[in-house]
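Accompanying notes for the structure given below.
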Amino acid sequence: MTKMTRRELLAGGTALAAGSTLGAPMIWAQNIKDVTLRQFGTGVSNLNEVAAKVKEDLGFTLEMTALDSDSVTQRAATQPESFDIADIEYWICKKVWPTGNLQAMDTSKIKNYDKIVGIFRSGKLTPESEIAQGTAPHTVGFVEGQNGTEFVDNESGWMTLIPTIYNADTLGIRPDLIGRPINNWSELLNPEFKGKASILDISSIGIMDMAMVVESMGEYKYPDKGNMTKEEIDMTLGIFTEAKKNGQFRAFWKSFDESVNLMASGEVVIQSMWSPAITAVKSKGIPCVYQPLEEGYRSWGGGIGMSAALTGLERDAAYEYINWYLDGWVGGFLMRQGYYSAVPETSKNYMTEDEWGFWFEGKPAQGDITNPFGDVMETAGAVRDGGSFYDRMGKVACWNAVMDENQYMVRKWNEFIAA
Amino acid sequence: MIGNQPMRLSPNSKSLMMVSPLVAVLFVFLVCPIAMIAIVSFWRATEFSIIPAFVFENYEFLFGSSVTYRVFFNTFKYALITWAATLLIGFTVAYFLAFHIRTLRWQIALFLLCTIPFWTSNIIRMISWIPFLGRNGIANSTLISWGVIDEPLEWLLFSDFAVVLAFVHLYTLFMVVPIFNTMMRIDKSLIEAARDAGANGAQILWNVIIPLTKPGIMIGTIFVVTLVMGDFITVRFMSGSQSANVGRLISNDVALLAYPSASATAVVLLCTVLIVIGILLRFVDIRKEL
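Quick note, the sequences are listed as chains G and X, same order. Each residue of the first sequence is one higher than the last, beginning at 1 in the UniProt record's numbering. Each residue of the second sequence is one higher than the last, beginning at 1 in the UniProt record's numbering.
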């Protein structure tokens with residue numbers, strides 16, 4: 001073990017790194033083993049398998065802490081000393097970035113930057129795509145410099161979060177208990193499902209699902225669902241409060257497990273749901289469909305950001321980690337659970353042709369489709385709900401968002417729950 | 001002066017020294033946190049930071065919102081119904097144990113039986129009701145198979161009924177224990193005297209046992225009322241997040257980083273509970289019984 005202090009190493013290291021950005025880290029391969037990066041985030045992508053693989057491939061230690069999204073926001077905003085890498089959602093980034101606890105990343109050091117899906121760069125999946133409402137990732141994806149606090153609307157070369165995981169959400173249904181096709185968000189408030197519907201009790205996401213429903217009912221067309229005015233918030237929650245008083249809802253759910261139990265037990269036949277929850281219900285042998293709807297999907301995305309306190313060797317390790325993240329192994333790991341990765345083409349190398357066909361291209365499965373943990377998710381002939389990547393991500397109507405009137409919305413949401 | 005005389009302490013300072021460790025512990029772990037909560041309740045908060053200040057906006061918002069009153073009403077409603085139910089059940093159980101079971105051994109054995117549910121955690125006892133009461137749960141399927149009902153009863157789960165049921169289940173023992181304790185100390189000869197004087201069973205219960213059990217009832221009442229008023233998780237799970245009490249209001253605020261607003265709510269709740277207890281203590285002097 002060398003006796004070099006971090007500062008000495010930094011001095012030498014920066015000189016070495018000056019000319020070469022990516023090859024250089026190999027030089028201090030010995031020292032990097034001593035580095036420990038502390039990452040925290042939601043359970044979705046904070047997986048121990050990733051930490052173990054980092055140790056194996058890169059040599060340094062990644063400590064993972066999984067929290068719920070409220071705690072993640074809290075920690076990112078109030079305890080900058082407690083983490084090196086923040087794994088947060090884009091709407092959380094909008095809330096947390098102004099605190100200055102994160103530093104922007106130099107895209108020239110990101111090897112696969114050019115291959116990152118357009119959604120996270122220009123905002124467009126394909127050149128013809130329209131940009132969805134809400135906190136679209138590219139709108140909070142760039143700042144003007146390393147310590148910039150204002151978001152900019154172009155690819156400035158300084159990225160706030162490197163996208164890691166995203167998906168398109170819709171309503172989950174029990175086709176066996178409903179017995180007819182469901183094609184619109186408005187069905188959530190259809191009196192036919194009185195006492196058998198549910199929505200999630202996480203205000204920032206729930207309000208978006210509500211807006212999808214209200215638009216689908218033809219009640220109102222929002223200029224921007226992701227940034228409502230006070231009147232729009234009142235109107236939206238008014239419609240749902242009335243439905244609640246009429247007994248439309250069986251329950252509201254806050255955690256993943258609750259949504260699974262509500263659906264599996266038949267308490268609820270239609271509800272807002274997350275993709276892995278559908279899988280969990282299905283794995284109990286209960287039919288459950290992640291129903292594509294005419295109005296499109298509500299989408300979400302997460303990424304990893306660097307703590308502002310990160311410098312020197314640790315920062316180099318963090319860049320190396322990010323490059324490794326986009327290199328495909330993690331992508332394959334996440335895509336085999338039904339999520340999407342930021343650079344799908346590298347993930348392809350870590351998936352079988354059948355897996356790639358099923359998850360990404362929307363083709364019928366040729367054989368059993370298993371998740372990374374070895375559980376059989378689908379059998380031969382199954383097709384992914386909603387189809388291919390471009391079918392699903394191309395139909396995003398809005399992104400999870402944080403509104404200017406967020407505090408007002410939260411208060412109104414509390415009233416809705418208490419009503 | 002003679003030097004080696006042992007140091008004499010007045011009885012007064014001796015007792016002061018004896019209580020001081022308790023005072024210190026209570027000061028650090030009870031007084032300080034509450035003082036901190038009271039201070040923070042005057043601070044200001046933005047979405048991601050809290051700012052030391054001395055403003056009343058948290059209280060203004062709290063008292064200015066109709067939700068607050070509705071939620072406090074709900075909290076009292078749960079407390080009152082739960083109190084009535086636990087009192088009825090708790091008193092009956094304690095009465096049975098104290099006056100109908102003759103041997104001490106059986107009394108202890110049956111009393112221990114009452115505590116068995118407490119071997120598992122609160123949350124587990126509560127959540128185990130959910131599959132039982134559900135639409136396709138044991139309760140509904142049994143009632144349907146008996147022909148009592150044709151359609152599953154929807155109000156069994158995710159309703160105020162479910163919330164109160166869980167509360168009663170969780171907290172009845174807190175009523176049984178103090179009532180049983182005071183009942184055991186009633187001098188049996190008093191009951192014999194009443195009977196000799198010609199009182200019937202109901203009169204003995206009403207004129208002798210209940211007045212003598214009042215301190216136990218009061219202690220049980222304080223337990224149950226404070227536990228129910230401070231709860232948030234039972235209400236959330238058993239109502240399917242559809243009802244709110246003050247505890248949930250606070251937990252929502254905390255989740256949204258609105259610590260000052262949560263503190264203000266907590267202070268108001270604390271005062272409310274203290275007032276309730278103050279009123280209760282006016283009826284009975286429990287110190288006499290301790």
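From the three backbone atoms N, C-alpha and C, an ideal C-beta is built for every residue, glycine too.
Chain X within 9 Å of residue i, Cβ atoms only
| i | result |
| --- | --- |
| G/V410 | yes |
| G/G266 | yes |
| G/A66 | no |
| G/Q74 | yes |
| G/A24 | Low confidence applies here, because G/A24 scores a pLDDT of 44, under 50, leaving its location unreliable and the question unanswered by this model. |
| G/A277 | no |
| G/N227 | no |
| residue 432 of chain G | An answer regarding residue 432 of chain G cannot be provided, because it is not within the stretch 1 to 419 covered by chain G. |
| G/I417 | yes |
| G/S198 | yes |
| G/N190 | no |
Euclidean distance between Cα positions of residue i and residue j
| i | j | result |
| --- | --- | --- |
| G/M409 | X/R44 | 18 Å |
| G/S122 | G/N400 | 18 Å |
| X/F232 | X/V246 | 8 Å |
| residue 422 of chain G | G/E320 | Lying before the first or after the last residue shown, residue 422 of chain G is absent from chain G, which here runs from 1 to 419. |
| G/F120 | G/V330 | 18 Å |
| X/D285 | X/I275 | 16 Å |
| G/S272 | G/D385 | 15 Å |
| G/V117 | G/Q74 | 29 Å |
| G/V72 | G/I205 | 15 Å |
Candidates the options: closest to residue i by CA position
| i | options | result |
| --- | --- | --- |
| G/S265 | G/L125, G/K284, G/S204 | G/K284 |
| G/G332 | G/E49, G/K95, G/G41, G/F40 | G/E49 |
| X/R152 | X/D160, X/I138, X/G247 | First, the residue type needs correcting, since residue 152 of chain X is Pro and not Arg in the sequence shown. Closest option to X/P152, Cα to Cα, is X/I138. |
| G/I85 | G/M64, G/I32, G/D169 | G/M64 |
| G/N112 | G/I369, G/T78, G/I322 | G/I322 |
| G/T229 | G/Q407, G/T42, G/F373 | G/Q407 |
| G/A382 | G/P292, G/S203, G/D354, G/N154 | G/D354 |
| X/L156 | X/F132, X/P178, X/L170, X/D150 | X/F132 |
| X/S251 | G/P163, G/I202, G/P98 | G/I202 |
| X/R282 | X/A194, X/K214, X/I149 | X/K214 |
| G/M377 | G/I278, G/E415, G/M351, G/W324 | G/I278 |
| residue 454 of chain G | G/G394, G/V402, G/K412, G/W185 | Because residue 454 of chain G is not part of the residues shown, which for chain G are 1 to 419, the question remains open. |
| residue 331 of chain X | X/I130, X/P260, X/L110 | Outside the displayed range of chain X (1 to 290) lies residue 331 of chain X, so it cannot be described from this structure. |
| X/T86 | X/P178, X/L26, X/T142 | X/P178 |
| X/A52 | X/A258, X/I144, X/W206, X/T265 | The sequence as given places Pro at residue 52 of chain X; Ala does not occur at that position. Checking every option, the nearest Cα to that of X/P52 belongs to X/A258. |
| X/A194 | X/L205, X/M184, X/R185 | X/L205 |
| G/F193 | G/T170, G/N246, G/W158, G/F389 | G/N246 |
| X/V71 | X/A98, X/L269, X/V25 | X/L269 |
| G/G59 | G/A66, G/W158, G/D68, G/V35 | G/V35 |
| X/N122 | X/T234, X/F29, X/R248 | X/T234 |
| X/F180 | X/F29, X/H169, X/L112, X/L170 | X/L112 |
Any chain G beta carbon closer than 9 Å to residue i
| i | result |
| --- | --- |
| X/T272 | no |
| X/I149 | no |
| X/S121 | no |
| X/S189 | no |
| X/V71 | yes |
| X/V67 | yes |
| X/F232 | no |
Beta-carbon gap between residue i and residue j smaller than 9 Å
| i | j | result |
| --- | --- | --- |
| X/I50 | X/V267 | no |
| G/A342 | G/G303 | yes |
| G/Y340 | G/F358 | no |
| G/D87 | G/G41 | yes |
| G/P287 | G/F256 | no |
| G/K94 | G/V140 | yes |
| G/L162 | X/A244 | Residue identity check: residue 162 of chain G is Ile in the sequence provided, not Leu. Result no, Cβ atoms of G/I162 and X/A244 do not sit closer than 9 Å. |
| G/G387 | G/V289 | no |
| G/L293 | G/N167 | no |
| G/I165 | G/V44 | yes |
| X/S159 | X/S239 | yes |
| G/M208 | G/C398 | yes |
Contact set between residue i and chain C, taken where Cβ atoms lie within less than 8 Å
| i | result |
| --- | --- |
| X/S49 | In summary, chain C is missing from the structure at hand, where the protein chains are G and X. |
Residue i CB to nearest heavy atom of the ligand GTP below 8 Å
| i | result |
| --- | --- |
| G/W359 | For the ligand GTP, the structure offers nothing, since it holds no ligand at all. |
* Determine which residues of the region 91–118 of chain G have a Cβ less than 9 Å from any Cβ of chain X, and write them out in chain order. => Flagged, chain order: K95, V96, P98, T99.
* Compile a chain-ordered list of the residues in the region 241–258 of chain G whose CB is closer than 9 Å to at least one CB of chain X. => Answer set for the region 241–258 of chain G: K244, G247, F249, R250, A251, F252, W253, K254, E258.
* Asked: When Cβ atoms are compared, which residues of the region 234–248 of chain X fall closer than 7 Å to chain G?
  -> Interface annotation for the region 234–248 of chain X against chain G: G240, S241, Q242, A244, criterion Cβ-Cβ distance under 7 Å.
* Asked: Which residues, in chain order, does the region 124–156 of chain X contribute to contact with chain G at a C-beta distance below 9 Å?
  -> The residues in question are I130, P131, G134, R135, N136, G137, E154.
* the region 252–272 of chain X: which residues have C-beta closer than 9 Å to a C-beta of chain G, in chain order? -> Of all residues in the region 252–272 of chain X, N252, D253, V254, A255, L256, L257, A258 have a Cβ within less than 9 Å of some Cβ in chain G.
* Contact set between the region 152–182 of chain X and chain G, restricted to residues whose Cβ is under 8 Å from the partner -> Going along the region 152–182 of chain X in chain order, one finds E154, L157, F158 with a Cβ nearer than 8 Å to chain G.
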